Amino acid sequence: MVVEGGAPQSSSNPPSDNPTWAHCTVVNMGRRKVQCKYCNRVLSGGVWRLKQHLAGIKGEVAPCSRVSSEVRIQFCQHVKEKETSKANITRRRQEIREELFAPPRRSADEIYLSRGRQTIDLNDDEEEQFRRASQASRRSFAEEDHLRRTGQHLGQGSGHAFFWTREFKCWDEHKYT
1 MVVEGGAPQS
11 SSNPPSDNPT
21 WAHCTVVNMG
31 RRKVQCKYCN
41 RVLSGGVWRL
51 KQHLAGIKGE
61 VAPCSRVSSE
71 VRIQFCQHVK
81 EKETSKANIT
91 RRRQEIREEL
101 FAPPRRSADE
111 IYLSRGRQTI
121 DLNDDEEEQF
131 RRASQASRRS
141 FAEEDHLRRT
151 GQHLGQGSGH
161 AFFWTREFKC
171 WDEHKYT
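Once you know that position 19 of the sequence shown is 19 in the UniProt record's numbering, the rest is easy, because the numbers rise by one and skip nothing.
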């Protein structure tokens with residue numbers, strides 16, 4: 001069968017398990033072209049554009065005129081959820097970036113470490129060491145969180161820890177196995 005532009009229609013399997021593929025036919029995967037099974041319109045932009053088409057979201061693509069209201073509602077909800085999810089991820093990444101690269105919240109002579117009722121006053125060198133260790137810890141947490149979310153686990157950890165030593169009044173890095 002030949003469709004728009006004389007391109008042969010592909011009969012290959014859908015590229016993923018995404019249920020959206022049940023509502024279209026792949027025309028040209030290299031150019032991300034799909035054909036709506038309801039109105040036979042050929043769309044560029046792949047599955048995301050098809051979802052907008054089926055949901056009836058105007059702007060990037062014309063809405064499908066022949067899709068059932070059930071399917072339209074299903075895809076409308078899916079598109080809204082996806083956009084909300086992307087916005088949340090973007091906001092969280094920005095928060096992490098701000099935390100990692102933000103200047104210290106207090107001036108150099110105002111930083112204290114509190115433990116119960118005991119307070120330790122830090123001089124400038126100790127403060128800088130504390131700031132760096134704290135920043136490294138936040139960075140490490142963000143990296144591990146990212147690896148955990150993407151399924152790229154580190155296994156048993158990096159084998160490093162920072163400890164405050166009163167004896168030397170500094171942060172020491174200890175390797176453990």
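The beta carbon of each residue, even a glycine, is placed where N, CA and C say it ideally should be.
If you're wondering where the values come from, they're calculated on a predicted model, not measured in any experiment.
Rounded C-alpha distance that separates residue i from residue j
| i | j | result |
| --- | --- | --- |
| Arg-41 | Gln-35 | 5 Å |
| Ala-136 | Pro-19 | 42 Å |
| Ala-108 | Glu-128 | At Ala-108, the pLDDT of 44 sits below 50, so the modelled position is not reliable; the number obtained from the coordinates is stated separately. Ala-108 and Glu-128: Cα-Cα distance of roughly 8 Å. |
| Ala-62 | Ala-22 | 20 Å |
| Asp-17 | Lys-51 | 15 Å |
| Ser-69 | Gly-56 | 10 Å |
| Lys-58 | Phe-101 | 39 Å |
| Trp-48 | Arg-93 | 23 Å |
| Ala-133 | Glu-143 | 15 Å |
| Val-79 | Asp-124 | 52 Å |
| Glu-81 | Cys-24 | 21 Å |
| Ile-73 | Glu-83 | 15 Å |
8 Å contact criterion, which residue i and residue j should meet: CB distance rounded
| i | j | result |
| --- | --- | --- |
| Arg-138 | Glu-95 | Not confirmed; about 11 Å, so no contact. |
| Gly-45 | Arg-66 | The pair is not a contact, with the Cβ atoms about 19 Å apart (cut-off 8 Å). |
Distance CB(residue i)-CB(residue j) smaller than 7 Å
| i | j | result |
| --- | --- | --- |
| Cys-39 | Cys-76 | no |
| Val-71 | Leu-54 | yes |
N-terminal and C-terminal residue of the alpha helix (DSSP H) that residue i is part of
| i | result |
| --- | --- |
| Thr-90 | 69-101 |
| Val-61 | It is not in any alpha helix (DSSP H) - Val-61 carries neither H nor E in the DSSP assignment. |
| His-53 | 46-55 |
Limits of the beta strand (DSSP E) - the one that residue i falls within
| i | result |
| --- | --- |
| Lys-33 | 33-36 |
| Thr-25 | 24-28 |
Closest Cα partner of residue i within the set the options
| i | options | result |
| --- | --- | --- |
| Ser-140 | Asn-123, Asp-124, Arg-97 and Asp-125 | Arg-97 |
| Asp-145 | Ile-89, Asp-124, Glu-126 and His-78 | Ile-89 |
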